[in-house]
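One structure is given here, and the rest of the page talks about it.
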Amino acid sequence: MVNLFRGPCENLSSLVAQALFGDGVAAMIVGYDPIPRVEKPLYEMFSAGQTIVMGSDGAIHGPICENRTSVQIGKDVPSHFANTSKGF
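Residues 6 to 93 in this note's numbering are what the sequence shown lists, from first letter to last.
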């Protein structure tokens, strides 16, 4: 989430949200045909997916303010991640 990019903050929830959702964000060009022998992709997308975590409604709340996104993370978020994470 690009909107989580911000300067240092003392709010622990904002720091956790940046670590969970902001770290490793990158732009990707999908559907582009590289020119053979001139351009070579560094990475190829193998798969993408998403999961709806049952019972997590309202666990993370991120109202958008004038100059930032304020994030409040519920105490049950780590258990939601632990219960839905799959091994690689």
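Just so it is clear, CB atoms sit at the ideal spot from N, CA and C, and this is done for glycine as well. All values derive from a computational prediction rather than experimental measurement.
#1: Name the DSSP beta bridge partners of Q55, please?
#2: Starting from P83, trace the alpha helix (DSSP H) both ways and give me its first and last residue.
#3: Go ahead and label S19 buried or exposed: buried means 16 or more other beta carbons lie within 10 angstroms of its beta carbon, across all protein chains shown.
#4: Give the range of the alpha helix (DSSP H) segment to which L17 is assigned.
#5: Mind reading off the beta-carbon distance from I78 to I65? Whole number of angstroms is fine, and I expect it under 8 Å.
#6: Hey, would you say V76 sits closer than 9 Å to G63, going by beta carbons?
#7: Can you look up C70 in the DSSP assignment and give me helix, strand or coil?
#8: Please classify I78: does DSSP put it in a helix, a strand, or coil?
In brief:
#1: Position 50 of the sequence shown, counting from 1, holds the residue named residue 55. For Q55, which the question treats as bridged, DSSP gives no partner whatsoever.
#2: Translated into the one-based positions of the sequence shown, residue 83 becomes position 78. Looking at the DSSP string, the run of the alpha helix (DSSP H) that includes P83 is 82–89.
#3: Along the sequence shown, read from residue 1 onward, the residue named residue 19 stands at position 14. S19 is buried by the Cβ-count criterion.
#4: As a first step, residue 17 is located in the sequence shown; it is residue number 12 there, counting from the start. Note, L17: alpha helix (DSSP H), 17–22.
#5: Walking along the sequence shown from the start, residue 78 turns up at place 73. Walking along the sequence shown from the start, residue 65 turns up at place 60. About 5 Å; that satisfies the 8 Å criterion.
#6: As a working note, residue 76 is residue 71 in the sequence shown. As a working note, residue 63 is residue 58 in the sequence shown. No, these two residues do not count as a Cβ contact at 9 Å.
#7: Start at 1 with the first residue of the sequence shown, and residue 70 comes out as number 65. Coil.
#8: Start at 1 with the first residue of the sequence shown, and residue 78 comes out as number 73. Strand, per DSSP.
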